[in-house]
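Beneath this line is the structure, given in structure tokens, with notes to follow.
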Amino acid sequence: MSYPGHIRLNMFQRALLAVGSGIGAFFNPRRADFIATLGEATAPGFIERLKYQMLSSKDGRWLLRHKPRITSKSLNVEYLRTLPANTLGATYVAWLDREGVTPDTRLPVRFIDDPESAYAMQRYRESHDFYHAITGLPVFVEGEIALKAFEFANTGIPMTGLGALLAPLRLGERPRRRLRTIYFPWAIRNGLNAQPLINVIWENNLERDVNDLRRELGIEKPPDLRELRKRKTAHQLPIPPTESS
């Protein structure tokens, strides 16, 4: 079986692609194509776990059957701007505006052979901004690393774990300390304790209170990373109480 845009690789080609995209992602962490390719090249075996996680859930099975896409058009972003500030939809679009991103930039999956597994990866990729919005983590490198650690604990996708492990090597001592003492412990605890986010039909929850949804999913908001970055010295970095609302 195949799907539009699918490219089948042999083991050597897949290994070469993984090494090349991994090196590219390390030196150019803002290159979405390197990140996406690394995720697909290292996915076999592990992506099956994500697919079976979806198959074990009623909502996950619905997603695999209907394969909805997350785009500006499918979400009706302009409508989301009219929702009350406490809703998931308003929180999501406010995060998009604040970070200057759009749901239309996610690349299509090409290098995963099984169509259902390919959709599982596509759904993870397109849900990534909802993970940002519900946790409040920003898109700059430190925020992405924290979210990658959270995603690895929740999904088990190898690329997210590699990103969380290797990307901090390019950071200074202060952001590494923040990750080590605040955001990695938060990510591991919440990623493991939260419901499998791959099964969330975000489109059906846009009008819900975002704090109620966080509680239902088992997610605590981490300390505000932008605020912590404003502090000038290491001794000015007390750990604020974790928010669940």
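Going by numbering that gives the first Met the number 0, 201 is the number at position 202 of the sequence shown; the sequence numbering is gapless. Just so it is clear, CB atoms sit at the ideal spot from N, CA and C, and this is done for glycine as well.
Would you verify that the beta carbon of residue i is, or is not, closer than 8 angstroms to some beta carbon of chain B?
{"i": "Trp-185", "result": "Among the chains of the structure shown, chain B does not appear; only one protein chain is present."}
Look up residue i in the DSSP assignment and say whether it is helix, strand or coil.
{"i": "Asp-113", "result": "coil"}
{"i": "Lys-66", "result": "coil"}
{"i": "Thr-101", "result": "coil"}
{"i": "Thr-154", "result": "helix"}
{"i": "Thr-134", "result": "helix"}
{"i": "Asp-208", "result": "strand"}
{"i": "Thr-180", "result": "helix"}
{"i": "Arg-13", "result": "helix"}
{"i": "Ala-233", "result": "Caution is warranted here: a pLDDT of 48 is assigned to Ala-233, below 50, making its placement in the model unreliable, and no coordinate value can be reported."}
{"i": "Thr-86", "result": "strand"}
{"i": "Ser-244", "result": "Only weak support is given to the placement of Ser-244: the predicted model assigns it a pLDDT of 44, under 50, and the value that follows is read from those uncertain coordinates. Three-state DSSP puts Ser-244 in coil, outside helix and strand."}
Between the alpha carbons of residue i and residue j, how many angstroms are there, rounded?
{"i": "Thr-86", "j": "Arg-207", "result": "5 angstroms"}
{"i": "Val-100", "j": "Ala-14", "result": "31 angstroms"}
{"i": "Glu-202", "j": "Ser-71", "result": "12 angstroms"}
{"i": "Ile-22", "j": "Ala-163", "result": "15 angstroms"}
{"i": "Tyr-2", "j": "Pro-107", "result": "11 angstroms"}
{"i": "Asp-128", "j": "Asn-9", "result": "32 angstroms"}
{"i": "Asp-96", "j": "Phe-183", "result": "26 angstroms"}
{"i": "Ala-233", "j": "Leu-54", "result": "The predicted model places Ala-233 with a pLDDT of 48, which falls under 50 and marks its position as unreliable; any figure quoted below should be read in that light. Each residue's alpha carbon lies about 46 angstroms from the other."}
{"i": "Glu-226", "j": "Trp-94", "result": "16 angstroms"}
{"i": "Asp-103", "j": "Phe-26", "result": "25 angstroms"}
{"i": "Gly-171", "j": "His-65", "result": "44 angstroms"}
{"i": "Phe-139", "j": "Thr-36", "result": "20 angstroms"}
{"i": "Val-18", "j": "Thr-154", "result": "22 angstroms"}
Using 8 angstroms for Cβ pairs, my map puts residue i next to residue j. What's the rounded Cβ distance?
{"i": "Phe-110", "j": "Leu-224", "result": "Rounded, the Cβ-Cβ distance is 32 angstroms, inconsistent with contact."}
{"i": "Leu-63", "j": "Glu-115", "result": "6 angstroms"}
{"i": "Gly-59", "j": "Ile-218", "result": "No, Gly-59 and Ile-218 are not in contact; Cβ-Cβ is about 18 angstroms, not under 8 angstroms."}
{"i": "Ala-40", "j": "Ser-20", "result": "6 angstroms"}
{"i": "Gly-135", "j": "Lys-220", "result": "5 angstroms"}
For the alpha helix (DSSP H) containing residue i, list its first residue and its last residue.
{"i": "Gly-190", "result": "183 to 192"}
{"i": "Ile-34", "result": "31 to 40"}
{"i": "Lys-50", "result": "45 to 54"}
{"i": "Glu-77", "result": "76 to 79"}
From the options, pick the residue whose C-alpha is nearest to that of residue i; which is it?
{"i": "Ala-117", "options": "Ala-145, Asp-103, Arg-68", "result": "Arg-68"}
{"i": "Pro-43", "options": "Asp-112, Arg-188, Gly-190, Thr-180", "result": "Asp-112"}
{"i": "Met-158", "options": "Leu-168, Lys-147, Gln-12", "result": "Lys-147"}
{"i": "Ile-156", "options": "Phe-26, Ala-31, Phe-45", "result": "Phe-45"}
{"i": "Gly-125", "options": "Arg-105, Pro-221, Arg-97, Arg-213", "result": "According to the sequence displayed, residue 125 carries Glu and not Gly. Comparing Cα-Cα distances from Glu-125 to each of Arg-105, Pro-221, Arg-97, Arg-213, the minimum goes to Arg-105."}
{"i": "Ile-144", "options": "Pro-174, Leu-82, Arg-80, Glu-77", "result": "Pro-174"}
{"i": "Ala-193", "options": "Arg-176, Leu-212, Leu-205", "result": "Leu-212"}
{"i": "Gly-4", "options": "Ala-31, Gln-121, Trp-185", "result": "Gln-121"}
{"i": "Lys-229", "options": "Asn-210, Leu-191, Arg-177", "result": "Arg-177"}
{"i": "Tyr-123", "options": "Pro-195, Pro-167, Asn-210", "result": "Pro-195"}
{"i": "Asn-200", "options": "Arg-48, Thr-180, Ser-73", "result": "Here the sequence assigns Ile to residue 200, which means Asn is not the residue at that position. Considering only alpha carbons, the answer is Ser-73."}
Is the beta carbon of residue i within less than 7 angstroms of some heavy atom of the ligand HEM?
{"i": "Pro-221", "result": "This structure lacks the ligand HEM; in fact it carries no ligand of any kind."}
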